[in-house]
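J.: First, the structure itself, so that you have it in front of you.
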Amino acid sequence: MPLLPIDRDSSMAYSSISNYLEKKNMSPRFPPHHCGPPPPEIQQAMTEIYGTEDMLELDLFRKLWGTSHLLKYLFGEYRKDGVLSSARMRLLIRLLVEHKLGRTEGLLPSELSDFLGVSRNTVSALLNGLEEHGLIERHLHPTDRRQVLISITPAGEEIVCTRAPLFARYVSGLFEPLSPEERQTLAALLDKLFVGLMDRIEAMGLEVPGPESETTLEED
């Protein structure tokens, strides 16, 4: 999809984006405030409503929220043709990394549970599906017969080596509007923001929940 040029005049930019989204049937699900600044009269009304002269932080919040929504939407579209959920694919990649590091004995289910940030029951369901497709195998721990280790099979390695590069190219295409230097800057700024948000969460005495609900939805 070609990039929409943003006119210097904010009213024209807002109108152009609104018309573009309307033609694409993207409104109101993708409201135009994610894409460009509103005209001055709307900006003035918003500053009065929010009781602030500086709308920059609110604008950043809306832009990040909207961008996250678009990324999730595009990821969902990509996954429609996939044979594996993203959670199962992540498990296979983790097991393949372990294999490439020479630790061919595999990993404990508890280690994979911690890796995904989900419950043992959830990871067990994910592993069951992978085993049914012959992509992983379970075997007894060599020194603790009460433990079971999980390792990737040749079929699992083949599917990762086929699909992972395709996904990498797809994701790379999402960032085509940015130059390599802009991508580096964005990554650094997001890292800085992430650390700040984590510090705030810790100061509030909260804990970041794992992606349990999201991963559970991907089990089928």
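In terms of this note's numbering, the sequence shown opens at residue 765 and continues consecutively. For glycine and all other residues, C-beta sits at the position ideal for the given N, C-alpha and C. On a predicted model such as this, the values are computed, not experimentally measured, just so you know.
(1) Report the rounded CA-to-CA distance for residue 879 versus residue 942, giving the unit in angstroms.
(2) Tell me which residue opens and which closes the alpha helix (DSSP H) that residue 862 is part of.
(3) Report buried or exposed for residue 853, applying the criterion of at least 16 other Cβ atoms within 10 angstroms of its Cβ.
(4) Since residue 898 and residue 919 should fall inside the 8 Å C-beta cutoff, what is the C-beta to C-beta distance between them, to a whole number of angstroms?
(5) Just to confirm the assignment: which complete beta strand (DSSP E) runs, minimum length 3, are found wholly within the stretch 899–926?
(6) Give the range of the alpha helix (DSSP H) segment to which residue 893 is assigned.
(7) Quick check: the Cα distance between residue 872 and residue 950, rounded to an integer number of angstroms?
(8) For residue 870, count neighbouring C-beta atoms within 10 Å of its own C-beta (all shown protein chains included) and say buried if the count is 16 or more, exposed if not.
(9) Just to confirm before moving on: does the CB-CB distance between residue 904 and residue 876 stay below 8 Å?
(10) Alpha carbon to alpha carbon, how far is residue 958 from residue 866?
(11) Rounded to whole angstroms, what's the CA-CA distance from residue 936 to residue 837? Just pull it up for me.
(12) Do residue 923 and residue 859 have their CB atoms nearer than 8 Å?
(13) For the alpha helix (DSSP H) that contains residue 956, what are its first and last residues?
(14) Which two residues bound the contiguous alpha helix (DSSP H) that contains residue 830?
(15) Residue 960 to residue 840, Cα distance in whole Å?
(16) What three-state label does DSSP hand residue 970 in the structure shown?
(17) Given that a residue counts as buried once 16 or more other Cβ atoms are within 10 Å of its Cβ, and exposed if not, what is residue 932?
(18) Just the Cα atoms here: how many angstroms apart are residue 802 and residue 825?
T.: Let me lay it out:
(1) Looking at the backbone, the Cα of residue 879 and that of residue 942 are separated by about 31 Å.
(2) In the DSSP assignment, residue 862 falls within the unbroken alpha helix (DSSP H) covering 850–864.
(3) With 16 or more Cβ atoms within 10 Å of its Cβ, residue 853 is classed as buried.
(4) Going by Cβ atoms, the distance from residue 898 to residue 919 rounds to 5 Å, so yes, they are a contact pair.
(5) Whole beta strand (DSSP E) segments, 3+ residues: 900–904, 912–916.
(6) Where residue 893 is concerned, the enclosing alpha helix (DSSP H) stretches over 884–896.
(7) Between the alpha carbons of residue 872 and residue 950 lies a gap of roughly 36 Å.
(8) Burial of residue 870 is indicated by the presence of at least 16 other C-beta atoms within 10 angstroms of its C-beta.
(9) No; because the gap between Cβ atoms is not below 8 Å, this pair is not in contact.
(10) Going by C-alpha positions, residue 958 is about 33 Å away from residue 866.
(11) The straight-line gap from Cα to Cα measures roughly 16 Å.
(12) For residue 923 and residue 859, no; Cβs fall outside 8 Å.
(13) First-last of the alpha helix (DSSP H) with residue 956: 944–967.
(14) Here the alpha helix (DSSP H) through residue 830 covers 820–843.
(15) Rounded to whole angstroms, residue 960 to residue 840 spans 29 Å at the Cα level.
(16) Per DSSP, reduced to three states, the secondary structure at residue 970 is coil, with no helix or strand assignment.
(17) Exposed, by the Cβ-count rule.
(18) Going from the Cα of residue 802 to the Cα of residue 825 covers about 15 Å.
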